[in-house]
Amino acid sequence: MLVDPSLGVRVRGRRALPSVDLVLLSHCHEDHTAALPLFRDAPVYVHEEDLPGLLDFDGFLAIFGVEPERREEYGHFLKTTFFYEPRPDAVPFRDGDLFDLGGGVSVRVVHTPGHTRGHCALLIEPDGVLFLGDIDLTGFGPYYGDAWSDLEAFERSLELVREIEATHYVTGHHIGLLDDRAAFLDRLDRYVARIADRERRLLEYLGEPRTMDEIVAHRFVYRPHDQGAGIPKAERHSARLHLDRLQRAGQVGREGSGFLRR
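Each residue of the sequence shown is one higher than the last, beginning at 51 in the numbering used here.
In structure tokens:
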């Protein structure tokens, strides 16, 4: 079994590809599928909500919410840097599905939407390994900057993984392996806190009316010096999710074309 064939797998594959008879994806993002073309003979499984991203390129772009004027540029980037190829043979799975790997080893799907609609954690038994995918516990905090991201679903997923008893916790980026539940919970608490911190700073900024363009330029997710063509889009979508929630709660209103703290 191979989980999330990344660029790193592609680099290592130049020396020797592992023998793989099953590929599982935690979600359908470019950095988790870059080496998928190297395993065309292996069946690939992804949650049913993210399946459209594997079926064709339009479905893949829909996950990100790429603006029409940027489709050609971004599409070229995804194909040349992350080697996107459709997998119309991809098989959907659902929350709670169990993959029996033999020898008493199994993988249970835990649907953890938010980062994408179909993002999943994977619980590997009997060793108690919880693969968290892009619930990556980094200091950056949760990423919910794409069209198929959902802030409140992400928050519910974070509480769900908190309740899962495991012995080992594995993230998809940077942190890697945690063998101590207390360390996992500490990192999870700090990760969750980034959401409240972003919302607090946004409210402070809305002491006077601010347009969406001003909010995006001010940045509440990325640092001012971070560079990347996709950052404005991610900031805009993230801000919109927070603003929608704050408006529903009566903490933010509209004044002309701007948003204002109440």
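In this text, a Cβ means the ideal position worked out from N, Cα and C, and glycines have one as well.
Predicted model only: the values in this text are computed from it and were never measured.
Could you give the DSSP three-state label for residue i: helix, strand or coil?
| i | result |
| --- | --- |
| F190 | coil |
| P142 | strand |
| H97 | strand |
| P293 | Checking the sequence, you will find Leu at residue 293 rather than Pro. Helix at L293. |
| D54 | coil |
| R62 | helix |
| L228 | strand |
| E305 | strand |
Nearest-angstrom Cα distance between residue i and residue j?
| i | j | result |
| --- | --- | --- |
| V94 | G164 | 22 Å |
| R312 | A171 | 38 Å |
| H292 | E249 | 7 Å |
| E205 | G195 | 14 Å |
| L227 | D200 | 26 Å |
| H287 | D229 | 34 Å |
| P102 | P142 | 10 Å |
| W198 | A112 | 8 Å |
| H77 | L86 | 13 Å |
| I245 | V266 | 16 Å |
| A284 | T162 | 20 Å |
| D10 | D247 | This structure gives no information on residue 10, because the portion of the chain shown stretches from 51 to 312. |
| A203 | R295 | 12 Å |
| R231 | P118 | 45 Å |
Taking the beta strand (DSSP E) that residue i belongs to, which residues open and close that run?
| i | result |
| --- | --- |
| A171 | 170 to 175 |
| E254 | That residue, E254, is in no beta strand (DSSP E); its alpha helix (DSSP H) goes 231 to 255. |
| L151 | 148 to 152 |
| G308 | 308 to 311 |
| S156 | 155 to 161 |
| L180 | 179 to 181 |
Which residue marks the beginning of the alpha helix (DSSP H) containing residue i, and which one marks its end?
| i | result |
| --- | --- |
| V116 | Unbroken run through V116: none, as it is neither H nor E. |
| E135 | It is not in any alpha helix (DSSP H) - E135 carries neither H nor E in the DSSP assignment. |
| Y219 | Taken as a continuous stretch (DSSP letters only), Y219 belongs to no alpha helix (DSSP H), being part of the beta strand (DSSP E) at 218 to 220. |
| E205 | 201 to 213 |
| E264 | 262 to 268 |
| G103 | 102 to 105 |
Keeping to the same chain, check which residues put their C-beta closer than 6 Å to that of residue i; ignore five residues upstream and five downstream.
| i | result |
| --- | --- |
| R137 | V94, L104 |
| A84 | S56, L57, R60, F132, F133 |
| T221 | L182, D186, L187 |
| L52 | V70, V73 |
| I174 | V157 |
Using 10 angstroms around the beta-carbon of residue i, count the other beta-carbons present and answer buried if the total reaches 16, otherwise exposed.
| i | result |
| --- | --- |
| T261 | exposed |
| P192 | buried |
| T166 | buried |
| T130 | exposed |
| L128 | buried |
Spatial neighbours of residue i within its chain, please: C-beta separation below 7 Å, excluding the five flanking residues on both sides.
| i | result |
| --- | --- |
| E80 | L128, F132, Y134 |
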